[in-house]
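**Student:** Residue numbers (this note's numbering): 356 to 1542. Idealized CB from N, CA, C, for every residue including glycine. The model shown is predicted, which means the values in this text are computed figures rather than measured ones. Just dropping this structure here.
Below is the structure:
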């Protein structure tokens, strides 16, 4: 995973001639970031290969464009012309699309013309990058191109270089944008001095010599001479000044310097001046400047004294070498031409990962040629390394010298390379089968040949600049040099401690890039797995293409035991008439959106097309009639706007049909979910049903103040309303977020829900096993390498959470679910290790007791420790649940007497808990504790006598609790197992039909409205009915809060405040959320900001201009967890007791996408484990206007 934790291991037998294909299913909550697949032929040895892939929320691009400039560098006031060349991925030019962008100026120390040199002062405080919008950008022309000028009139005051980054976004017709960037260098205003260290990693050994090369450059980027440059070496020392602020300690660095050495040096226009400086331990800075105070100045910082490989202490001179051919066959003779600066003895070594051959020769000052026979065992090729030595001569007062040159010699793979031909059609139709013929030449007789074929939307590949697999280059391309060359010439040259010449050459390793636009459309990606070719070396792979207009890249890899090959081809998939829709990703009831339809006649006949637009769900196209026909011209695009009116929540779709008189028909179906503009509210009604006469009617009046669509109603009848299983399950299921605790709380009681079903009249859940298994995999994705768990991702420091998740995994394993042994063992080891140093029962009793209980359940606890805590430390445990866990642990080891006494202590603590402890960190409440004691007591083999008293206690606590958390609900469900036999004597009438036993069922809001439910108690026992609803209110809730205040403000990108009641399409804003917490206890906060349907979030993981570092005016608080969803922004925080500043500032970037009038929902904050504390902003309406 991206955090370095192993996620899974898969064994593959490579039965297809050594070809392997495995599926890697990812959980919906899989960690975002760069994952790595490592391939091992022996798991105890290093990986033979590895591959990275990016996991992120995205939707493919629908357009692409290239960005180029007529100049790589410009001076201040000079103009560069930037050209945009855009196209729709279905093949047509991106004509008529609008552009937007900005010019960002930032300082830099590197200059492409002078590799390895740094310019400017290292310790200069860099100014924040300046961002200037590119105003007046043209609309893309009919050919998909547009050109605009870029000039820099004012540069920041700096000793460094300045780089101009041109960022351009091309807007799709629906308002979304694809982003590309281009860098243009800015030539300096004055002369510059460059410093190049002749060592690596900014490190020199203690007592070693730091050697630098110096050059002078004029403003046009040409080398120039500079007489009498002043250099000085200073030692940099840094101390830290500590101070206390806001009840916490902070520090700031204090830096001072001490001069070590100085001197003068002349810089030549055609060479490199050098400075060699002995250094000791510490941080150093070399400063070079002119005597003129207004002249250039440059510095370079480095370390001395840290461990540094001797390979970095001295760099040899370069030796020019060349080969007479690009490629050689085995048995040929390569001729190496050597062009030295001096005569000497030449040593030629040939090798890659091992030494293959050495050749020696004497080379005159004029140069020479060396013959190198090509061996049969050279594989893909080898490095030819030529080292020329010149001995010292005391009479000529010259020192020894050496020079090294390196050249890769390529060996033709010959029969090891397969010729692969892909012949898919250039164009294909969607909703049909795409047939891909593959032919492979060069297969040796008797060999089995295989191919794997992938077909992927180019709009996906563009997000990461994905390159097709190239096995020929992998196996037969240039390799990284796996040899080191060592000699003693460094000692002879400068008297230092020895030297290694390190060759800076080798194969290319590309970093994974993740720049792209926000996602918008359904994925199109297919993979065939291994397919064996027939005797003629051919195969045909078929993929069923869904509704899609774009470009599919077909990629194939072919192999036998002896050879490899690859090929790729692009297929344009489109209807003869392409329909592209711009509409919101969702709507809310009452929203009025304007859908834009772009209809491009790419291959269909010109003329009139009959048009029909149909909707499903409670979605309409308004009252005004839509045009019945559309007139299209060949090669042109026609635009139509269609109103969309959402009435109620639910799933809706829009089907657009076009029909020509010649029989050409095109159909496109678009799906739009309609979700309430307010988060759902849970209400609970308890009704007493007296013997023989008690009755209850559940009908639409129950939901009179709520939206029927999306509403859920649970009804349960039993002897104890507190343990209403269906409503508890419903409220847990409806909680929309999934941290480790919430996921565990939802899944833990499901382990036993089918056990409860028969006793309460609830049907068994056939999908239960899959849901629980998914939850296991999900919580394991939060496990850190040491076995601990984090709330929103891998983490540590929360022992109670570690124990809670480990408890769930233990119980799941007992129920025969798949819990990976490695993960389980790590979780238990983490608990054991934590108990080894955490023995503070007074403050950490809850954590210690739960860890002991989980270990006891796994037979890994010490019975001596349990008895010690029960006999001598019991009064130190302040949590009733913790005491009950000690009791249950003793019961697991058969100590009935101590277990019973300890359970009695837990009951006494629970009864005495009259006040809520807001500073507890175990996610609990008195209700949770009471339910946990009951659950633990009921499942103990040695059942205590306190169960009836606990049932009464929990029933009273539940009646007093207005709000419940996921902890309360989960343990209440576990506690319900104590009452599963109590409902056998119940008799009811349900809608007039007799019913034996307890009753429970769940309904949708529309079900209740259409078919009311009537239940009557026909037995002799008093009963309680619990009706729970989860529904969004009809009326907009006003701003309110208890324990928190939350504010939402919109800003333009320059930091000025904006009113978004009315905005224009394509405008971007920074949403800033500020939360003020009025309490200081530890809490776990969830902040949710539902979007209006006209806005979309620019995911900073995919759109670089949406990264908050671009906005220097913005300060924000680091969150424990962030989500950028289609319809909401979510953040989680875990403030602790003693944090000086409990105020939170959050921000994200949105874009106005689709014109229309939309509900603007409230932003909310809640304490997830004290639900009574929450706050929300005001709701409202907002309008997005077409530009």
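#1: Near residue 982, what residues of its chain come up, given a Cβ to Cβ distance below 8 Å and the 5 sequence neighbours on each side ignored?
#2: Between the segment 547-557 and the segment 441-456, do three or more beta carbon pairs fall short of 8 Å?
#3: Could you tell me if residue 1433 is buried or exposed, where buried requires 16 or more neighbouring beta carbons within 10 angstroms of its beta carbon?
#4: Can you name, in chain order, every residue of its own chain whose Cβ lies under 8 Å from the Cβ of residue 502, other than the five neighbours on each side?
#5: Can you name, in chain order, every residue of its own chain whose Cβ lies under 6 Å from the Cβ of residue 692, other than the five neighbours on each side?
#6: Would you call the CB atoms of residue 548 and residue 584 closer than 8 Å?
#7: Where do the ends of the alpha helix (DSSP H) carrying residue 1205 lie?
#8: Is it the case that the Cβ atoms of residue 930 and residue 785 are separated by a distance below 8 Å?
#9: When burial is assigned at 16 or more other CB atoms within 10 Å of the CB, is residue 337 buried or exposed?
#10: Starting from residue 697, trace the beta strand (DSSP E) both ways and give me its first and last residue.
#11: Residue 831: which of 809, 797 and 770 sits nearest, CA to CA?
#12: I'd like the span of the beta strand (DSSP E) that includes residue 1240, first residue to last.
#13: Distance check for residue 471 and residue 863, CA to CA, integer angstroms please.
#14: Leaving out the 5 sequence neighbours to the left and right, which residues in its chain are closer than 6 Å to residue 1445 when beta-carbon positions are compared?
#15: Between 649, 1426 and 1535, which has its C-alpha nearest residue 1391's C-alpha?
#16: So residue 1220 is in the beta strand (DSSP E); what residue range does that whole segment cover?
#17: Do residue 1388 and residue 1068 have their C-beta atoms closer together than 8 Å?
#18: What are the boundary residues of the alpha helix (DSSP H) that residue 831 is part of?
#19: What is the C-beta distance between residue 495 and residue 451, in whole angstroms, given that I count them as a contact (C-beta under 8 Å)?
#20: Residue range of the alpha helix (DSSP H) that residue 1327 falls in?
#21: With a 10 Å radius around its C-beta and 16 neighbouring C-beta atoms as the bar for buried, classify residue 1033 as buried or exposed.
#22: Taking C-beta to C-beta, are residue 1291 and residue 1240 nearer than 8 Å?
#23: Give me the Cβ distance between residue 695 and residue 764, rounded to the nearest whole Å; I'm assuming they're in contact under 8 Å.
#24: In its own chain, which residues sit with a C-beta less than 8 Å from the C-beta of residue 1349, not counting the 5 before and 5 after it?
#25: Grouping DSSP H, G and I as helix and E and B as strand, with all else coil, what is residue 641?
#26: Between residue 499 and residue 422, what straight-line distance do the alpha-carbon atoms span, to the nearest angstrom?
#27: Does the segment 1398-1417 come into contact with the segment 1473-1483, if we say contact requires no fewer than three beta-carbon pairs (one atom in each stretch) closer than 8 Å?
#28: Which first and last residues belong to the beta strand (DSSP E) in which residue 914 is found?
#29: Tell me which same chain residues have a C-beta within less than 8 Å of the C-beta of residue 1322, skipping the five on either side of it?
#30: To the nearest whole angstrom, what separates the beta carbons of residue 1364 and residue 1450, a pair I think is in contact under 8 Å?
#31: Please report how far the alpha carbon of residue 593 lies from the alpha carbon of residue 1464, in whole angstroms.
#32: Ignore the nearest five residues each way along the sequence and tell me which others in residue 1312's own chain have a CB closer than 7 Å to its CB.
#33: Of the choices 1471, 1436, 1458 and 1448, whose alpha-carbon is the least far from that of residue 1528?
#34: CB residue 1151 to CB residue 1161, shorter than 8 Å?
#35: Is it the case that the Cβ atoms of residue 1386 and residue 1062 are separated by a distance below 8 Å?
#36: Going by the DSSP bridge assignment, what does residue 1312 pair with across the sheet?
**Tutor:** Per the coordinate set shown:
#1: Excluding its 5 nearest sequence neighbours in each direction, residue 982 has C-beta neighbours in its own chain below 8 Å: 966 and 995, listed in chain order.
#2: Touching, no, given that fewer than three Cβ pairs across the two stretches are closer than 8 Å.
#3: Only exposed fits residue 1433, as fewer than 16 other CB atoms lie within 10 angstroms of its CB.
#4: Only 436, 437, 438, 439 and 493 meet the Cβ criterion.
#5: Same-chain partners within the cutoff: 677 and 724.
#6: The Cβ-Cβ distance between residue 548 and residue 584 falls below 8 Å.
#7: Boundaries of the alpha helix (DSSP H) around residue 1205: 1196-1212.
#8: Closer than 8 Å, so yes.
#9: Beyond the ends of the chain as shown, which are 356 and 1542, falls residue 337; an answer cannot be given.
#10: Counting along the chain, residue 697 falls outside any beta strand (DSSP E), and DSSP gives it neither H nor E.
#11: It is 770.
#12: Taken as a continuous stretch (DSSP letters only), residue 1240 belongs to no beta strand (DSSP E), being part of the alpha helix (DSSP H) at 1235-1247.
#13: With a pLDDT of only 32 at residue 863, under 50, the local geometry of the prediction cannot be trusted, and no value is derived from it.
#14: Within the same chain, residue 1445 has close Cβ partners 1483 and 1516.
#15: The shortest Cα separation from residue 1391 among 649, 1426 and 1535 belongs to 1535.
#16: Run containing residue 1220: none in the beta strand (DSSP E); it sits in the alpha helix (DSSP H), 1218-1227.
#17: Against a cut-off of 8 Å, the Cβ pair of residue 1068 and residue 1388 comes out as no contact.
#18: Looking at the DSSP string, the run of the alpha helix (DSSP H) that includes residue 831 is 826-831.
#19: At roughly 6 Å, the Cβ-Cβ gap stays under 8 Å, so residue 495 and residue 451 are in contact.
#20: It spans 1321-1330 - the alpha helix (DSSP H) in which residue 1327 sits, taken as one unbroken run.
#21: The residue in question, residue 1033, is buried, as its Cβ has 16 or more Cβ neighbours within 10 Å.
#22: With contacts defined as CB atoms closer than 8 Å, residue 1291 and residue 1240 qualify as a contacting pair.
#23: Actually they do not touch by this definition, with Cβ atoms about 20 Å apart.
#24: Closer than 8 Å at Cβ, skipping near neighbours: 1342, 1343 and 1373.
#25: Residue 641 carries a strand assignment under DSSP once its states are collapsed to helix, strand and coil.
#26: Using only the alpha carbons, I get a separation of about 12 Å.
#27: Short answer: they don't touch.
#28: For residue 914, the uninterrupted beta strand (DSSP E) segment begins and ends at 905-914.
#29: Excluding sequence neighbours, residue 1322 sits near 1096, 1100, 1278, 1279, 1280, 1283 and 1524.
#30: With a Cβ gap of about 32 Å, residue 1364 and residue 1450 do not count as contacting.
#31: Between residue 593 and residue 1464, the C-alpha separation is close to 27 Å.
#32: Closer than 7 Å at the Cβ level, and outside the excluded window around residue 1312, lie 1281, 1282 and 1285.
#33: If you compare the alpha carbons of 1471, 1436, 1458 and 1448 with that of residue 1528, the shortest gap goes to 1436.
#34: Going by C-beta atoms, residue 1151 is not nearer than 8 Å to residue 1161.
#35: Yes, Cβ-Cβ distance for residue 1386 and residue 1062 is below 8 Å.
#36: Residue pairing from DSSP leaves residue 1312 without any beta-bridge partner.
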